[in-house]
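Colleague: When the letters of the sequence shown are read in order and numbered with UniProt numbering, they come out as residues 1 to 278.
Just so you know, even glycine gets a beta-carbon here, dropped at the ideal spot from N, CA and C.
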Amino acid sequence: MKLNKLNSAIVVATVLCTPLEAATWSDTFIGYRYGSEFSEPGNAQDIGKNIVQLSHASGYSLGQNYFNLDVLKSGSEDPANGSSDGATEFYLVYRHQLHLGKVFAKDLGFGPIKEVALTAGFDLNTKNSAFAPRKRFLAVGPTLKFDVPGFLDLSLYYANESNHCGLAFCTHNDIDFDPYYQINLAWGLPFETAGLPMKFQGFTNYNGKKGTDYFNNETKPEHLLRTSLMLDVGQLMMNKKNTLWAGVGYEYWHNKYGNHGKPGVDTRAPFINAEWHF
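1. Which same chain residues, not among the five before or five after leucine 69, have their C-beta less than 6 Å away from its C-beta?
2. If you compare alpha carbons, which of Asp213, Leu185 and Ala186 is closest to cysteine 170?
3. Just to confirm the assignment, what range does the beta strand (DSSP E) spanning lysine 127 have?
4. Look at the alpha carbon of glutamate 161 and the alpha carbon of lysine 210, and state the distance between them as a whole number of angstroms.
5. For glycine 63, which residues of its own chain have a beta-carbon under 6 Å away from its beta-carbon, when the five flanking residues on both sides are left out?
6. Please report how far the alpha carbon of tyrosine 157 lies from the alpha carbon of phenylalanine 137, in whole angstroms.
7. In or out: arginine 95 buried (at least 16 other Cβ within 10 Å) or exposed?
8. DSSP state of leucine 62, grouped into three classes?
9. Helix, strand or coil for glycine 109, going by three-state DSSP, please let me know.
10. Which partner residues does histidine 56 have in the DSSP bridge list?
11. If glutamate 222 sits next to asparagine 207, beta carbons under 8 Å apart, how far is it from one beta carbon to the other, in whole angstroms?
12. Where DSSP assigns a beta bridge to leucine 189, which residues make up the other side?
13. Report buried or exposed for isoleucine 47, applying the criterion of at least 16 other Cβ atoms within 10 angstroms of its Cβ.
14. With a CB to CB cut of under 6 Å and the five nearest residues on each side skipped, what residues in its chain are close to asparagine 259?
15. Could you spell out where the beta strand (DSSP E) holding lysine 145 opens and where it closes?
16. Helix or strand or just coil, what does DSSP make of lysine 209?
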């Protein structure tokens with residue numbers, strides 16, 4: 001799929017997935033994460049990153065929406081192009097779930113599954129590093145929604161991706177990867193222990209191979225896990241539930257972006273995490 005076709009598909013998917021009625025519930029927050037052991041392919045150094053997050057989830061009569069924007073500011077170990085200052089990356093995610101049981105007015109639950117959905121969405125990114133990536137990712141596929149407190153969703157996506165390499169020695173500066181599959185598990189599970197209100201949240205993606213990269217090297221399967229354990233500080237200190245959360249998290253990323261056999265392709269990074277919901 002060519003880049004212009006993928007961009008057109010993203011626009012169409014956005015229009016088709018946007019509900020025409022008011023939300024029945026919503027949750028919006030500004031978050032912050034910091035860790036000093038992140039990595040980037042081709043860079044052997046640990047990288048400190050300050051990450052500001054804007055996230056929104058909402059539901060309507062036939063489904064739900066999810067939007068997330070991460071602004072990632074690297075330390076000087078990961079410099080911006082032509083600068084000694086750290087690079088800045090913007091990473092946007094949008095997903096829409098159409099709940100098929102609601103569409104067809106039929107109970108599609110079975111066993112531990114309470115609903116079956118069709119999910120579609122996209123990722124966009126840009127970063128002012130020398131590599132200058134411009135990811136354009138489109139995904140569509142079924143989702144199984146488990147009957148648990150909070151949520152637990154398992155999805156299988158057909159994925160298509162294009163990107164950019166700004167390095168002069170790249171064989172391809174603009175590339176359309178082969179279509180691939182992605183298995184996604186996302187969760188947000190509230191619980192209480194020793195009288196403390198907490199939640200365990202996160203997601204994990206497993207991506208299949210997507211053909212050759214910018215240097216005609218074969219890509220390998222990629223696995224990303226990002227999870228955190230959070231305490232409802234707002235409820236404890238101000239009696240305001242789901243307002244201020246704080247906790248710790250961990251990111252594991254194997255074969256980052258499908259790269260392998262070079263420095264910086266595997267991340268094992270603990271981080272601190274905070275969220276202000278409004």
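Modeller: Let me spell this out:
1. Leu54 and Leu92
2. Asp213
3. 113-127
4. 9 Å
5. Gln97, Leu98 and His99
6. Computed Cα separation, rounded: 11 Å.
7. buried
8. coil
9. coil
10. DSSP, once it has assigned bridges, lists Thr28 and Phe67 as partnering histidine 56.
11. Between asparagine 207 and glutamate 222 the Cβ distance is about 4 Å, and since that is below 8 Å, they are a contact.
12. Answer is Phe200, bridged to leucine 189.
13. buried
14. Pro41 and Val265
15. 136-146
16. The answer is coil: DSSP assigns lysine 209 none of H, G, I, E or B.
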